[in-house]
Amino acid sequence: MHFTHRTVLDPGARKPRLIPRAWTAALASALAAAAAVLAQPSLPFNGPRPVEPGWHAITGVTAHTAPGQTIDNATVVVRDGVIQSVQSGGSAPVGARVWDAAGMHLYAGLIDPWIVVDAGKLGDAPGRHWNPQVLAERSALNGGGLDEGGKKSLREMGFAVAQVVASDGLLRGTSAVVTLAEDADKSRPAPAVVREHAMHVLSFARGPRGQRRGDDDDESGGYPGSRMGQIALARQTLADTRWYDAAARAHAEEPAKYPRPEPNDSLVTLHEPLPLVWDVESELDAIRAAKVAKEFDRKIAIAGCGTEFRRIDAIAALGVPFIVPVTQPETPRVESIADREAVSLRDLQTWEQSPTNVRRLVDAGVDVSLTTSDLRKGEKFWDGVRNAIRKGGLSEDAALAALTTAPAQLLGVADQFGTIAPGKSASFVLVDEAPLFDKDAVIREVWIDGKRHVINEKPAHDLTGEYDASFSLGGVSGVLKVVKGPKVTLELPPLPPDADAPAPAEGEAAKEPKPRKFNARKPTQSENRLNFLLDGEPFGAEGAWSFAAVREGDALIGTAMSTDGTTFAWTATRTGDIKKDAEKKGDDEDDAKDDAKDDDEEDKDDAVSDIPQQIVYPLGAFGLAEMPAQDTVVITNATIWTCGPDGVIEHGWMIASGGTIQAIGKGAAPSVPGGARVIDAKGKHVTPGIIDCHSHTGISGGVNEGTQAVTAEVRIQDVIDPDDIDWYRELAGGTTAVNQLHGSANPIGGQNSVVKIRWGCPAPDDMRFEGAIPGIKFALGENVKQSNWGNAPRTRYPQTRMGVETIMVDRFEAAQAYDSAQRASHGKVPPRRDLELEAIAEILRGERWIHCHSYRQDEILMLCRLAQRYGFKIGTFQHILEGYKVAEAIREHAVGASSFSDWWAYKIEVYDAIPYNGAIMHDVGICVSFNSDSDELARRLNTEAAKAVKYGGVPPEEALKFVTLNPAKQHRIEQWVGSLERGKSADFVVWSGSPLSTMSRCEQTFIDGREYFSLARDKQLREQATAERGRIIGKILAEKKDKSGGDGPPGPRRGRGGFRPGEAMSHDGHNHDGIDLEAQYLWMIENGIDPTRVQCGDCGCGLANTYSSGN
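Printed below as a string of structure tokens:
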């Protein structure tokens, strides 16, 4: 027998092993037969069986097998859709179809982990969740998955695999991982579904962009209608999955003892141990989503928004993977003075820093995957990626990882996709002309599971170059230029000078005549044939002429024909390659100049990045690069209003260190500790930090969850917004802590949040005041019975004041029963955890205090009697403008009352308000505070306290307690704040004069011993903001107009609904009819209402106070 030997790889041997070719052939036949049996489709062929070679060898290619790993002159062998070998300089096996890829680059097929598809609607069959936004049982494949148009679009960008997700709902169902191979005909197997159920999908965007809240025709009333409502529904549903699984298992084990739980396909599906992926609209939402997942020990990935850099430290601390778009906000309009005054520094910085987003995430250790979704109209994915590399500093290896290995790992398909290695799917992309991330790169082919898809076929004949052309008509000769595209330009010698033209002025040189240029129209190339249209002007003829030529060697042999059939011959001989800059020229000379200029600008950007590396928190004006130092501070020679046992100390001193007050006294200060900061406060006054007992500042995504009468499950602490500029303004007025309250749209609203204004903190939860007693918002009167809800449908219960009492009694009774059942349960299945009743049960146990929006005496008495009936203490009555009428009842049943003096007559139920109300309640013995209920009024609560002196003669020291010690008592935090005493937190304010004087101003504000505001710091920050604005505006003006259409209105985002990065998110305060901010304001203007008016006392139901938050 004749043996012919060939070399094959043997992993077990130190040297290549020699195998007879006959044995190799027999082994190959056996493997092929086995593979054919395993790969047989279940779908019968409708006709002759197709014959396609499944054995390929791509030779001479530069194989980028993984990020940072490259094999030059590689041979990649593919058989039956699987990579068999990857080796440098290897020869193609005999029998394989050989593809010469010399000069090309090969990468693993790219993976897009977030592609939105229409998954269809679920019917009303048994097993549906009560809320139509919960669609967890639905698969993204229900609607047919990704159509061929979508697949083709992704293939053209180099993608081979994608995760598809449904386009609507809060809990949207399970995603699927699919390949992007071209759809086969009916007789062929369908493209592979790699993972039918990959992840559980959640989203803060209810549906496609523009869908309004409340549009659903369902019994949920449009719930949820706020960001905190969305979080509450997700939390309740995740809690229900645990209970439902336990209940179902208990019933299966002991059906006689445990009843069968009602059918709920969403809960069954959601309990499956798949990771979550949550689509968010802001960097703060990402933090919120990860926090919810952590509550339930669920793995999570975040489908991000592109502005994660604005909270990069908090994002990195989450330790979860991110799917990130490569979008960038519209270039801000700064051409006019009005434009410049309208744009915020935050928007300017967001625009500038956006290219750095991916790089910052990678540098922070975040696992990043990139997606083609979420691009604005006109944006291109590869432009965004290259911008992140060129301007943002992202390395090409990191970019490749974000497109291959990271999404493969995230989606659980790393064993098949993401790298080029034996045994993995033959899914890869072939790139020509330049490496993948170069702007000149051309994607030629995408292979998916061994199936070849031609994207940009490489021309067999290269016609580009410069040619000396001769035309028989008119004896015309010139230079013909053919560039890629193709684009064709004819250059002719300049015309002789006009004899009648005036001579140049004395001392002025004559202008050099320029060649005449004529751009061809509609040029096309087919094989070695070139066709184009050219006007007859160069040849002394009229009309358009059709030109056709065939390449023979270095010559073009052609014919031209006019519209009337006249023809002439022409030839062109190639003289060399075309100049590089000519390839960039467009249809006219101006375009060519612009493109050349673009190249110069890009070269400068490549060489030096001028984007600052420092990120301030929050981004924008007055942001801090780092938290203020917690120094040892010594105050001397001050008038100190302690609001404690020491009263007002003249010529006093105070020492604060480590965030607490160490000592306080009168006269000469003791020896100053080394390194201490000494503040000589001669002529100045020092007070405790002001505490606002009723605030709606810094609440993201809606102050109210007003879609239902009872929403005790929602939590303000879920939506703390540390970016709200009003925090800084309140610091400038001496406010150091606030009680963030749900609005007054429903009888029983959401849970409160007590925070310290730690401006510049990295994460929202850094603001929380640990130790404050939990609270909840209740409301009475016109708001909750929808008396002032305009033209919105008024169908929600209750519609009367009697109904308000009834709904409260109903929930108290239900909470009592719920609490008793929970305590009595000792079996396998405890009663279902109900987050709404859980919060109300805490009220009944005295663990949560009610803060009740109230005006009329009859309603105040009603709630006092309910408190007596159920044995709990009310925390505060808020507003309480008729409190002077029933002060004794309030003293008996409430911790305190929080009011204001001279806000009245803004609606019928407050007509009996009097400015002496606070003083009268104080004299009766009620713990009284004055609050703001307004971002604006919160800047000057010290003068609100002074009104207790003016209206009622309250002593000044006692009046100051209305905004310091008393609100601290009303939240049970008086052991830490509210007065200046040894051992308490160093939260204090330095005033230029008496804190109750309208002529005094806040000069310094300290929290935990850190100076968060001072006039000196403010001046410095203002100067920095002015300089930064000027720098970025100058940068924008110096750059060429945004190619994506910077002059036009922002385009919609592609890929998923929701808001664009950097864009303020507007939420309807009532959330009852889903109308947006613009519609609300137009309605107000049409009805003669000033949309900017401050409406204190509307408690979050006033439009002007509703839209204070933008995340």
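Under the working numbering, the final residue of the sequence shown carries the number 1628; numbering is consecutive throughout.
Even glycine gets a Cβ: it sits at the ideal position worked out from N, Cα and C.
Element boundaries [alpha helix (DSSP H), containing residue i]
| i | result |
| --- | --- |
| M1438 | N1434 to V1441 |
| Q1268 | Taken as a continuous stretch (DSSP letters only), Q1268 belongs to no alpha helix (DSSP H), being part of the beta strand (DSSP E) at I1265 to Q1268. |
| T922 | T922 to L927 |
| F1329 | R1318 to A1341 |
| F1295 | Careful: F1295 lies outside any alpha helix (DSSP H), inside the beta strand (DSSP E) at G1292 to A1296. |
| N1459 | L1458 to K1467 |
| G901 | F898 to R907 |
| W1244 | I1242 to L1248 |
Delimiting residues of the beta strand (DSSP E) encompassing residue i
| i | result |
| --- | --- |
| H581 | W572 to A583 |
| S1446 | C1444 to F1447 |
| Y984 | G982 to F988 |
| Y624 | H622 to A625 |
| D1052 | R1046 to D1052 |
| T1253 | T1252 to Q1257 |
| W1087 | T1084 to G1093 |
| R1038 | R1038 to S1043 |
| W616 | R614 to D617 |
Neighbourhood of residue i by C-beta, 7 Å cutoff - its chain only, sequence neighbours within 5 removed
| i | result |
| --- | --- |
| F1056 | F988, L990, G991 and V993 |
| A765 | P778 |
| G1442 | R1408 |
| R969 | E962 |
| P776 | H768 |
| Y1245 | F1139 and W1276 |
| V837 | A807, I817, A818 and I819 |
Residues near residue i in its chain [Cβ-Cβ closer than 8 Å; skip 5 each side]
| i | result |
| --- | --- |
| V1272 | G1215, I1237, A1254, V1255, Q1257, M1284, R1285 and F1286 |
| T1088 | A986, S987, A1072, L1073, I1074 and G1075 |
| K532 | With a pLDDT of only 34 at K532, under 50, the local geometry of the prediction cannot be trusted, and the value read off the model is given with reservation. Taken in chain order, the list of residues that qualify is empty. |
Buried versus exposed call for residue i [16 or more other C-beta atoms within 10 Å across all chains shown]
| i | result |
| --- | --- |
| V963 | buried |
| Q1385 | exposed |
| E1167 | exposed |
| G1435 | buried |
| G1002 | exposed |
| D1419 | exposed |
| P1264 | buried |
| E983 | buried |
| L791 | buried |
| G640 | exposed |
| P842 | buried |
| H978 | exposed |
| N781 | buried |
Test item: CB-CB of residue i and residue j under 9 Å
| i | j | result |
| --- | --- | --- |
| A923 | V885 | yes |
| P1239 | C1210 | no |
| G661 | M621 | no |
| K1199 | W1508 | no |
| Q680 | W631 | yes |
| G626 | T1177 | no |
| T691 | T758 | no |
| T1228 | G667 | no |
| L878 | I804 | no |
Contacting residues, own chain, Cβ-Cβ under 6 Å from residue i (five flanking each side not counted)
| i | result |
| --- | --- |
| K1631 | Since the first and last residues shown for the chain are 518 and 1628, residue 1631 lies out of range. |
| A553 | Interpretation of A553 is limited by its pLDDT of 42, a score under 50 that renders its predicted location unreliable; no figure is taken from the coordinates. |
| W1366 | I1290, G1292 and G1392 |
| A1142 | Q1131 and V1133 |
| K1402 | Q1374 |
Contiguous beta strand (DSSP E) assignments of at least 3 residues, all confined to the segment 652–712: 676–683, 688–691, 693–696 and 710–712
Secondary structure, beta strand (DSSP E): runs of 3+ residues fully inside the segment 1368–1438: 1391–1396 and 1411–1416
Start-end ranges of the beta strand (DSSP E) lying completely within the segment 754–823, minimum 3 residues: 793–796 and 817–820
In chain order, each beta strand (DSSP E) run of at least 3 residues that lies wholly inside the segment 1487–1571: 1505–1508, 1519–1524 and 1527–1531
Uninterrupted alpha helix (DSSP H) stretches inside the segment 1175–1220 (no shorter than 4 residues): none
Whole alpha helix (DSSP H) elements within the segment 912–972, 4-residue minimum: 913–920 and 922–927
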